[in-house]
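Enquirer: Each residue of the sequence shown is one higher than the one before, counting from 221 in the working numbering. Cβ atoms here follow ideal geometry from the backbone N, Cα and C, with glycine treated the same way.
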Amino acid sequence: MKWVQPDPKRENWYWPTEAMKARAWVSDPKIYEEAAADPVAFWAKRAEEIVWFQKWSETYVDEPYAYKWFVGGKLNLSYNSIDRHVEAGKGDKVALIWEPEPPDEPNRILTYKDLLVEVSRLANALKRLGIKKGDRVGIYLPMIPEAVIAMQACVRIGAVHTVVFSAFSAESLRDRLVDSGARLLITADGYYRRGKLIDLKPQADQALTGTKVEKVIVVRRTGHPVPMDPKRDLWYHELVSGEKDYCPAEPLDSEDLAFILYTSGTTGKPKGVMHTTGGYAVQVYTTAKWDFNLHEDDVHFCTADVGWITGHSYLNYGPLMNGVATVVYEGSPDYPDFGRMWQIIEKHKVTVYYTAPTAIRMHVKWGDEWPKKYDLSTLRVLGTVGEPINEEAWLWYFKLIGGERCPIIDTWWQTETGATCVQALPGIGPFIPTVAGRPFPGIRAKIVDAGGTPVNVGEGGYLVIEPPFPPALTRGLYGDPEKFKATYFGEFGPRLYFTKDGARMDEMGNIRITGRVDDVMNVAGHRLATAEVEDALSQHPLVSEVAVVSRPDDIKGEVPVAFVLLKAGAQPSEDLKKELIKTVDKYIGPTARPAEIYFVEDVPKTRSGKIMRRILKALVRGEPVGDITTLRNPECVEELKRLVGYKG
Ligand code: WT7
Numbered sequence: 221m222k223w224v225q226p227d228p229k230r231e232n233w234y235w236p237t238e239a240m241k242a243r244a245w246v247s248d249p250k251i252y253e254e255a256a257a258d259p260v261a262f263w264a265k266r267a268e269e270i271v272w273f274q275k276w277s278e279t280y281v282d283e284p285y286a287y288k289w290f291v292g293g294k295l296n297l298s299y300n301s302i303d304r305h306v307e308a309g310k311g312d313k314v315a316l317i318w319e320p321e322p323p324d325e326p327n328r329i330l331t332y333k334d335l336l337v338e339v340s341r342l343a344n345a346l347k348r349l350g351i352k353k354g355d356r357v358g359i360y361l362p363m364i365p366e367a368v369i370a371m372q373a374c375v376r377i378g379a380v381h382t383v384v385f386s387a388f389s390a391e392s393l394r395d396r397l398v399d400s401g402a403r404l405l406i407t408a409d410g411y412y413r414r415g416k417l418i419d420l421k422p423q424a425d426q427a428l429t430g431t432k433v434e435k436v437i438v439v440r441r442t443g444h445p446v447p448m449d450p451k452r453d454l455w456y457h458e459l460v461s462g463e464k465d466y467c468p469a470e471p472l473d474s475e476d477l478a479f480i481l482y483t484s485g486t487t488g489k490p491k492g493v494m495h496t497t498g499g500y501a502v503q504v505y506t507t508a509k510w511d512f513n514l515h516e517d518d519v520h521f522c523t524a525d526v527g528w529i530t531g532h533s534y535l536n537y538g539p540l541m542n543g544v545a546t547v548v549y550e551g552s553p554d555y556p557d558f559g560r561m562w563q564i565i566e567k568h569k570v571t572v573y574y575t576a577p578t579a580i581r582m583h584v585k586w587g588d589e590w591p592k593k594y595d596l597s598t599l600r601v602l603g604t605v606g607e608p609i610n611e612e613a614w615l616w617y618f619k620l621i622g623g624e625r626c627p628i629i630d631t632w633w634q635t636e637t638g639a640t641c642v643q644a645l646p647g648i649g650p651f652i653p654t655v656a657g658r659p660f661p662g663i664r665a666k667i668v669d670a671g672g673t674p675v676n677v678g679e680g681g682y683l684v685i686e687p688p689f690p691p692a693l694t695r696g697l698y699g700d701p702e703k704f705k706a707t708y709f710g711e712f713g714p715r716l717y718f719t720k721d722g723a724r725m726d727e728m729g730n731i732r733i734t735g736r737v738d739d740v741m742n743v744a745g746h747r748l749a750t751a752e753v754e755d756a757l758s759q760h761p762l763v764s765e766v767a768v769v770s771r772p773d774d775i776k777g778e779v780p781v782a783f784v785l786l787k788a789g790a791q792p793s794e795d796l797k798k799e800l801i802k803t804v805d806k807y808i809g810p811t812a813r814p815a816e817i818y819f820v821e822d823v824p825k826t827r828s829g830k831i832m833r834r835i836l837k838a839l840v841r842g843e844p845v846g847d848i849t850t851l852r853n854p855e856c857v858e859e860l861k862r863l864v865g866y867k868g
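Printed below as a string of structure tokens:
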């Protein structure tokens with residue numbers, strides 16, 4: 221079935237076909253005007269589609285820095301993800317399809333009924349261990365069904381989960397456990413990645429010193445022996461085996477904290493982004509439904525890890541609240557060969573595929589023969605997220621994967637927004653390479669200059685969001701209300717949320733995102749502050765000073781490049797570079813490894829001693845360095861030009 225057709229006048233523009241419009245939840249562009257006329261009423265209507273134990277009394281409270289949605293309403297995210305479908309007689313529908321990395325290992329398939337049992341047992345166990353509403357629970361799990369089950373079990377009883385990406389180091393995990401004050405950690409013995417067995421438990425153990433964690437629940441995934449502390453550690457399967465199959469979902473206030481997810485800001489320390497229950501549920505439910513046009517027969521495959529917001533919203537809560545089957549893949553896209561993702565799509569008859577531009581660019585490099593081996597005709601909608609997509613990757617995805625039949629929904633959003641905010645809708649269009657689309661109905665996004673004044677059509681500026689703020693927008697940074705105000709409302713005040721992205725808009729209102737305007741990088745879809753990498757590198761005893769900037773990369777989008785000043789007496793060497801890489805692995809994880817490390821005598825500084833990263837960035841990108849006369853040490857720029865092979 222063809223879901224899109226080309227625009228007769230504009231090259232590479234596509235529009236939905238009648239078939240797509242007929243299937244789409246929304247196909248009339250009037251929805252944008254209707255929602256814009258009264259966004260609060262729009263969201264109230266959306267909220268009526270999920271289940272509330274008690275209806276809200278006030279839809280939106282417009283208070284500076286303390287906006288709230290569906291105040292007085294009571295609901296539960298897990299009830300909306302699972303129970304409502306079981307109660308509607310759909311308990312035997314498939315909820316979760318787990319694809320382990322080893323290709324010969326069987327799938328685990330959970331129906332909504334099965335999921336209710338699994339989630340209930342763990343929720344009951346958590347309660348028995350003394351976990352109460354509001355308590356923080358760390359989750360450090362690979363991509364196994366228990367990751368979804370653990371998140372669902374937490375929100376079911378009102379505990380606040382904080383999921384940490386399993387490829388993050390022990391140090392990163394510790395920071396997050398300390399900051400959130402987690403009392404319990406759920407982890408696993410290990411997992412499989414690129415055919416290798418990887419132990420996770422020893423890393424979790426290392427992270428626990430200095431935290432408030434009292435108990436550790438360990439999922440047996442690999443069966444490989446790992447250290448267990450008999451006083452502290454509990455095997456998941458033993459723990460839940462005696463628990464009851466049903467745990468009622470706790471009625472939570474709409475503004476009760478649902479979870480904390482740490483993300484990179486511009487400093488060395490990640491921030492705990494808080495999401496509350498009602499607004500998050502409503503926007504995630506609605507955007508999952510409208511962006512991907514989810515119907516009950518859909519098989520939704522989101523490739524993001526549960527450690528990222530995409531995994532939270534569009535692998536777990538969004539698809540499940542919509543009653544579809546969600547695919548969870550444990551491993552790497554290139555194992556056992558480059559065709560794995562396409563093989564999974566064929567095997568499970570996937571209809572919606574949601575991935576990152578970085579992944580698409582990798583597939584482009586691996587060659588067309590891999591997707592061509594598989595039957596991808598079940599696909600209806602393709603999505604991308606995480607970074608701007610280049611035209612080449614977009615067209616490849618559109619042609620090779622979508623067979624020129626499927627719309628590409630390029631969704632712009634952030635950990636902070638919790639749910640997608642800017643995208644084209646499959647029944648409305650248009651679908652244009654490198655252009656995300658219009659702000660979702662009911663969301664007021666615009667592009668302004670440094671003074672907060674809207675720029676003209678086609679001009680570059682800053683992407684901001686106006687009140688009423690989107691229901692899922694973060695309510696704050698855990699433990700740091702001042703930082704919340706300064707970070708997002710410091711530039712333009714409390715009535716303009718600043719996304720930190722540059723963008724431009726066409727006359728139709730379609731937005732093209734041009735990238736971050738702060739010191740945040742997007743490395744293979746992973747958000748990372750240059751300051752975090754600097755922080756990690758400066759832990760090495762021979763490092764005196766370090767500056768990290770990003771450089772574009774064909775596959776990963778951006779990669780970090782480090783300029784390192786060594787302490788007196790230390791000698792630069794290839795071995796030292798390797799040690800520095802290890803230091804980054806230790807303090808952050810391999811995703812943050814610099815692509816290049818330059819040992820330098822000096823880096824450009826202002827008279828007040830601030831490192832001018834702007835100049836380093838221009839040097840590694842071959843861009844004009846601009847005026848350097850105000851530097852304290854302009855002479856070092858020539859030396860750096862030679863070192864990096866500058867051809868600007
Ligand atoms: C930053 C947020 C949202 C889940 C994954 C990333 C960039 C995100 C797009 C897109 C261009 C995008 C922005 C944003 N970004 N989606 N479709 N087109 N850029 O979440 O780690 O919080 O990063 O990712 O720069 O600010 P995140």
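Any heavy atom of ligand 1 closer than 7 Å to the beta-carbon of R736?
Expert: yes
Enquirer: Out of T578, Y717, Y573, K619, point me to the one whose CA is closest to T598's CA.
Expert: Y573
Enquirer: Is the distance from the Cβ of A390 to the Cβ of V357 below 8 Å?
Expert: no
Enquirer: In terms of DSSP beta bridges, what is W289 paired with?
Expert: In the DSSP output, where bridge partners are listed per residue, W289 has Y280.
Enquirer: Once the 5 residues before and after T826 are set aside, which same chain residues still bring their CB inside 8 Å of it?
Expert: Only M832, T850, L851, R852 meet the Cβ criterion.
Enquirer: Given a threshold of 16 other Cβ atoms within 10 Å of its Cβ, counted over all protein chains shown, does Q759 qualify as buried or as exposed?
Expert: The residue is exposed, with fewer than 16 neighbouring Cβ atoms inside 10 Å.
Enquirer: Exposed or buried, N676, counting other C-beta atoms within 10 Å across all chains shown (16 or more means buried)?
Expert: When all chains shown are included, N676 counts as exposed.
Enquirer: Tell me whether G606 counts as near ligand 1, meaning its Cβ is closer than 7 Å to at least one heavy atom of that ligand.
Expert: yes
Enquirer: Please report the straight-line C-alpha distance between M494 and P854, rounded to a whole angstrom.
Expert: 43 Å
Enquirer: Are there 16 or more other CB atoms within 10 angstroms of the CB of P414, so buried, or fewer, so exposed?
Expert: As written in the sequence, residue 414 is Arg, which differs from the Pro given in the question. So R414 ends up on the exposed side.
Enquirer: Start and end of the alpha helix (DSSP H) containing W510?
Expert: Counting along the chain, W510 sits inside the alpha helix (DSSP H) bounded by residues 497 to 511.
Enquirer: Assuming T811 contacts V743 under a Cβ cut-off of 8 Å, what Cβ separation, rounded to an integer in Å, is found between them?
Expert: 6 Å
Enquirer: Going by beta-carbon coordinates alone, are W272 and V291 separated by less than 8 Å?
Expert: No Cβ-Cβ contact shorter than 8 Å links W272 with V291.
Enquirer: Run through the DSSP bridge pairs and tell me what H520 is partnered with.
Expert: Paired residue(s): T546, V572.
Enquirer: Given this structure, state the Cα-to-Cα distance separating D227 from W235, to the nearest angstrom.
Expert: 7 Å
Enquirer: Reducing DSSP to helix, strand and coil, say where N610 ends up.
Expert: In the structure shown, the three-state DSSP call for N610 is coil.
Enquirer: Check whether the region 686 to 706 and the region 727 to 740 are in contact - that is, three or more C-beta pairs closer than 8 Å.
Expert: No, because fewer than three Cβ pairs between the region 686 to 706 and the region 727 to 740 fall closer than 8 Å, the two stretches do not touch.
Enquirer: Going by Cα to Cα distance, which pick from L454, L748, R441 is closest to E434?
Expert: L454
Enquirer: Identify which residue in R664, E778, G350, G649 has its Cα closest to the Cα of F512.
Expert: G649
Enquirer: In three-state terms, what does DSSP make of F558?
Expert: It is coil, neither helix nor strand.
Enquirer: Since I believe H444 is in contact with G410 (beta carbons under 8 Å), could you give me their beta-carbon distance rounded to a whole number of angstroms?
Expert: Indeed, because the Cβ distance is near 6 Å, the residues count as touching under 8 Å.
Enquirer: Please classify A244 as buried or exposed, where buried requires at least 16 other C-beta atoms within 10 Å of its C-beta.
Expert: buried
Enquirer: I'd like the list of long-range same chain contacts for G647, defined as Cβ closer than 8 Å, with 5 residues on each side in sequence excluded.
Expert: P236, M240, K241, R243, A244, W245, V246, S247, N513
Enquirer: For Y505, which residues of its own chain have a beta-carbon under 6 Å away from its beta-carbon, when the five flanking residues on both sides are left out?
Expert: I270, M541
Enquirer: Confirm the yes/no value for this check: CB of D595, any heavy atom of ligand 1, distance under 7 Å.
Expert: no
Enquirer: Quick check on Q634: buried or exposed, where buried means 16 or more other Cβ atoms within 10 Å of its Cβ?
Expert: buried
Enquirer: Determine the extent of the alpha helix (DSSP H) in which H583 is found, giving its start and end residues.
Expert: 577 to 586 is the extent of the alpha helix (DSSP H) around H583.
Enquirer: Is D517 near ligand 1 - that is, is its Cβ less than 7 Å away from at least one heavy atom of it?
Expert: no
Enquirer: Below 8 Å CB to CB, which residues in the same chain sit around V857 once its five sequence neighbours on both sides are set aside?
Expert: If we look at V857 and ignore the five residues flanking it on each side, its Cβ neighbours are P824, I835, L839, V845, I848, L851.
Enquirer: Is the beta carbon of R328 within less than 7 Å of some heavy atom of ligand 3?
Expert: Among the ligands modelled here, namely ligand 1, ligand 3 does not occur.
Enquirer: For chain C, check one thing: does any of its Cβ atoms lie closer than 8 Å to the Cβ of H381?
Expert: The chain inventory of the structure shown lacks chain C, comprising one protein chain alone.
Enquirer: Any idea what DSSP makes of I406, helix, strand or coil?
Expert: Assignment of I406 by DSSP, reduced to helix, strand and coil, places it in the strand class.
Enquirer: For K837 and R771, what's the separation of their Cα atoms in angstroms?
Expert: 7 Å
Enquirer: Please state the DSSP three-state secondary structure of W816.
Expert: The amino acid occupying residue 816 in the given sequence is Glu; Trp does not appear at that position. Residue state, collapsed to three classes: strand.
Enquirer: Please confirm whether any heavy atom of ligand 1 lies closer than 7 Å to the CB of T523.
Expert: No, the beta carbon of T523 sits no closer than 7 Å to any heavy atom of ligand 1.
Enquirer: Can we count K776 as close to ligand 1, meaning its CB is less than 7 Å from some heavy atom?
Expert: no
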